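First comes the structure, then the notes that go with it.
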Amino acid sequence: MHDSETMLNLPVDSDGDEPHEECGVFGVFAPGEDVARLTYFGLFALQHRGQESAGIAVSDGRQLRMHKEMGLISQIFSESVLGSLPGFVAIGHTRYSTTGSSVLRNAQPLHCVWGGGSLAVGHNGNLINAAELRLELEAQGVVFETTNDSEVIARLISLQDTQSLEEAVARTMVRLIGAYSVVILSENALIGVRDPYGVRPLCVGQIKGSGFVLASESCALNVVGADFIREVAPGEIVTIDSTGLHARQGMPLARNAMCMFEFIYFARPDSELYGRELHAVRRRMGAELAKEHPIVGGADIVIPIPDTGTPAAIGFAEASGIRFGEGIIKNRYIQRTFIQPDQRMRELGVKMKLMPIREALAGKRVVMVDDSIVRGTTTSQIVKLLFESGAAEVHVRITAPPITHPCFYGIDMADQGQLVAAHQSVDSIRKMIGATTLGYLSIDGLSRAIVMGRSQFCLACFDGQYPIPVPESLRMSKFALELPTVRTNIRRSAPKIPVSRS
Numbered sequence: 130m131h132d133s134e135t136m137l138n139l140p141v142d143s144d145g146d147e148p149h150e151e152c153g154v155f156g157v158f159a160p161g162e163d164v165a166r167l168t169y170f171g172l173f174a175l176q177h178r179g180q181e182s183a184g185i186a187v188s189d190g191r192q193l194r195m196h197k198e199m200g201l202i203s204q205i206f207s208e209s210v211l212g213s214l215p216g217f218v219a220i221g222h223t224r225y226s227t228t229g230s231s232v233l234r235n236a237q238p239l240h241c242v243w244g245g246g247s248l249a250v251g252h253n254g255n256l257i258n259a260a261e262l263r264l265e266l267e268a269q270g271v272v273f274e275t276t277n278d279s280e281v282i283a284r285l286i287s288l289q290d291t292q293s294l295e296e297a298v299a300r301t302m303v304r305l306i307g308a309y310s311v312v313i314l315s316e317n318a319l320i321g322v323r324d325p326y327g328v329r330p331l332c333v334g335q336i337k338g339s340g341f342v343l344a345s346e347s348c349a350l351n352v353v354g355a356d357f358i359r360e361v362a363p364g365e366i367v368t369i370d371s372t373g374l375h376a377r378q379g380m381p382l383a384r385n386a387m388c389m390f391e392f393i394y395f396a397r398p399d400s401e402l403y404g405r406e407l408h409a410v411r412r413r414m415g416a417e418l419a420k421e422h423p424i425v426g427g428a429d430i431v432i433p434i435p436d437t438g439t440p441a442a443i444g445f446a447e448a449s450g451i452r453f454g455e456g457i458i459k460n461r462y463i464q465r466t467f468i469q470p471d472q473r474m475r476e477l478g479v480k481m482k483l484m485p486i487r488e489a490l491a492g493k494r495v496v497m498v499d500d501s502i503v504r505g506t507t508t509s510q511i512v513k514l515l516f517e518s519g520a521a522e523v524h525v526r527i528t529a530p531p532i533t534h535p536c537f538y539g540i541d542m543a544d545q546g547q548l549v550a551a552h553q554s555v556d557s558i559r560k561m562i563g564a565t566t567l568g569y570l571s572i573d574g575l576s577r578a579i580v581m582g583r584s585q586f587c588l589a590c591f592d593g594q595y596p597i598p599v600p601e602s603l604r605m606s607k608f609a610l611e612l613p614t615v616r617t618n619i620r621r622s623a624p625k626i627p628v629s630r631s
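What follows is the structure, given as structure tokens:
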């Protein structure tokens, strides 16, 4: 049973054969600046992290105002809307759903009243214990307005018996299990917090001495004229108000476990993570791929699957000596839509999104570089498209190792039974996608490309080693908070979790 509200549909890649992340978050404290407009541009830079809905909340010191809708940033916000959001502090959120349906009531930021006033919350990540926490809060009379795990965070903060929002956040962190990078807005302050494993990214920047910015990625700092200061540390709470920026450790560091897919796919190539510029890292991934999986007998051209495959394809070409070129053009006007795709649109598949350059492909031995294979359906369509365009050979090279386990920390990719590498060998996958050869970059190759040890990352989707333990009973659908039968089973087995009021 899902919400009756309209859900978004994507006219291409309808089988979801790509990993999708939950969202991007942004916050700014800058008296004298048009913070709603700054947040708009910050979210625009983070649009790649979520395209289902977006929202902005602002405060002028007296009250919070908010606007959020379904769709893309450019569709949601106009000059008149931004003009109706005056203030000196703001947060913004752009969403791809991993818990709860893609409907307006699940759009963020989320608003709550608490003892010290009002607050708004934007969250990137996934809580593992969201269902248990929600059931306990409902038993105590809390009424939820959404079916996402982010409201659990907001409600827990609002119930803490303290006039200090920072302290309320610290007490809430103790209760949360899972991945979370969160921005929080009150009437007079901006707070950023990151889980003690640092699974999802969050960074701090400064606007020419007049204010501070929080963002999922450093690429959002550049567009608003902010200078990068540093990443928010795992377990850290950063508070920004009229007295400046203050930081405290809300939870001890558990271990560094940033999601490796941020480096492979999610983050924009002009962002920095762990002090590494991602475009350079992805080029090195391509170079490592060329070393680990050279093309025996040679090839004529290395092509990327745009856009995320481009830096790695450049690196592969440089390391192998095979010419780099464009073989596929991406239709950049394919966006999420409210129109349900019909069967013909589904059958067209990647042809709506990717267009081959036949002159570049005809008679050529082609090396195709992409970031990942999830179910394998999209990759097989692309390989078929290249052969139909005249390619003599298609050698597929992938910068992610084989994905064998699902993610429970904020990536919507597939159940384990749908992950092709979980139950097929590399050669079986090669035959299924129709490639001449297939090579995946190893985990060690990723480490060499990033120039960091594997212990600094979450690699669970590749090796099944989850840094934050995920009980079998909690490995469920992203619609778990909407399914009465699932919630009933959790209610029967869930331990009592009191709300802290001390």
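If you want my numbering, it's the position in the sequence shown, counting the first as 1, plus 129. Where a beta carbon is used, it is the ideal one built from N, C-alpha and C, also for glycine. None of the values given here were measured: they were computed from a predicted structure.
Query: Quick check: what's the CA-CA separation for residue 378 versus residue 542?; Result: 32 Å
Query: How long is the line joining the alpha carbons of residue 204 and residue 182, rounded to whole angstroms?; Result: 10 Å
Query: Tell me the DSSP secondary structure of residue 536 in three-state form.; Result: coil
Query: Note the first and the last residue of the continuous beta strand (DSSP E) segment covering residue 253.; Result: 246 to 256
Query: With residue 372 as the anchor, note down where its alpha helix (DSSP H) starts and where it stops.; Result: Here residue 372 belongs to no alpha helix (DSSP H), and DSSP marks it neither H nor E.
Query: Identify, in the order they occur along the chain, each residue of the same chain with its Cβ nearer than 8 Å to the Cβ of residue 454, setting aside the five sequence neighbours on each side.; Result: 430, 431, 432, 489
Query: Under the three-state reduction of DSSP, which class applies to residue 497: helix, strand or coil?; Result: strand
Query: The alpha helix (DSSP H) with residue 433 in it runs from where to where?; Result: Element bounds for residue 433: not the alpha helix (DSSP H) but the beta strand (DSSP E), 430 to 433.
Query: Near residue 592, what residues of its chain come up, given a Cβ to Cβ distance below 8 Å and the 5 sequence neighbours on each side ignored?; Result: 533, 534, 572
Query: With respect to the beta strand (DSSP E) encompassing residue 484, which residues constitute its N-terminal and C-terminal limits?; Result: 483 to 485
Query: How big is the Cα-Cα spacing for residue 297 and residue 365?; Result: 14 Å
Query: In angstroms with no decimal places, state the Cα-to-Cα distance between residue 518 and residue 487.; Result: 5 Å
Query: Leaving out five residues on either side along the sequence, give the residues of the same chain with a beta carbon under 6 Å from the beta carbon of residue 407.; Result: 396, 398, 400
Query: So what's residue 367 in DSSP terms, helix, strand or just coil?; Result: strand
Query: Under the criterion of a Cβ to heavy atom distance below 8 Å, does residue 161 qualify as lining the ligand HEM?; Result: Looking for the ligand HEM in the displayed structure turns up nothing, as the structure carries no ligands at all.
Query: Measuring CB to CB, does residue 361 end up less than 9 Å from residue 352?; Result: no
Query: Does DSSP classify residue 196 as helix, strand or coil?; Result: strand
Query: Give the straight-line distance between the Cα atoms of residue 643 and residue 329, rounded to the nearest whole angstrom.; Result: Residue 643 lies beyond the stretch modelled for the chain, which goes from 130 to 631, so this question has no answer here.
Query: Name the residue from 383, 576, 241 whose alpha carbon lies nearest to the alpha carbon of residue 327.; Result: 383
Query: Using the Cα positions of residue 447 and residue 169, report the straight-line distance between them to the nearest angstrom.; Result: 38 Å
Query: Per DSSP, which residues does residue 335 bridge with? Please list them.; Result: 341, 356
Query: Hey, how far is the Cα of residue 265 from the Cα of residue 239?; Result: 20 Å
Query: Ordered along the chain, which non-local residues of its own chain (more than five positions away) have a Cβ less than 6 Å from that of residue 312?; Result: 154, 156, 220, 251, 321, 343
Query: Whose C-alpha, out of 243, 209, 314, is nearest the C-alpha of residue 159?; Result: 314
Query: Per DSSP, what are the beta-bridge partners of residue 222 in this structure?; Result: 154, 184
Query: How many Å lie between residue 422 and residue 436 at the Cα?; Result: 22 Å
Query: Just confirm the distance between the C-beta atoms of residue 336 and residue 355, as a whole number of angstroms; I'd bet it's less than 8 Å.; Result: 5 Å
Query: Leaving aside the five residues before and after residue 599 along the sequence, list all residues of the same chain whose C-beta is less than 8 Å from its C-beta, in chain order.; Result: 257, 537
Query: Under the rule that 16 or more other beta-carbon atoms within 10 Å means buried, what is residue 467, buried or exposed?; Result: Legend: pLDDT at residue 467 = 49, less than 50; position of this residue unreliable, value from coordinates given subsequently. Counting Cβ neighbours within 10 Å, residue 467 comes out exposed, since fewer than 16 surround it.
Query: List the DSSP bridge partners of residue 402.; Result: 405
Query: When you compare only the Cα positions, how much space is there between residue 515 and residue 391?; Result: 28 Å
Query: On the premise that residue 262 lies in contact with residue 281, defined as a C-beta separation below 8 Å, what is that separation, rounded to the nearest angstrom?; Result: 5 Å
Query: Could you please give the first and the last residue of the uninterrupted alpha helix (DSSP H) stretch that includes residue 444?; Result: 439 to 449
Query: Assign residue 424 to buried or exposed, taking buried as 16 or more other Cβ atoms, counted over all protein chains shown, within 10 Å of its Cβ.; Result: buried
Query: Does residue 272 come out as helix, strand or coil in the three-state DSSP assignment?; Result: coil
Query: Can you give me the Cβ contacts of residue 500 inside the same chain, cut-off strictly under 8 Å, excluding the 5 residues immediately before and after it?; Result: 393, 394, 434, 437, 438, 441, 527, 528, 529
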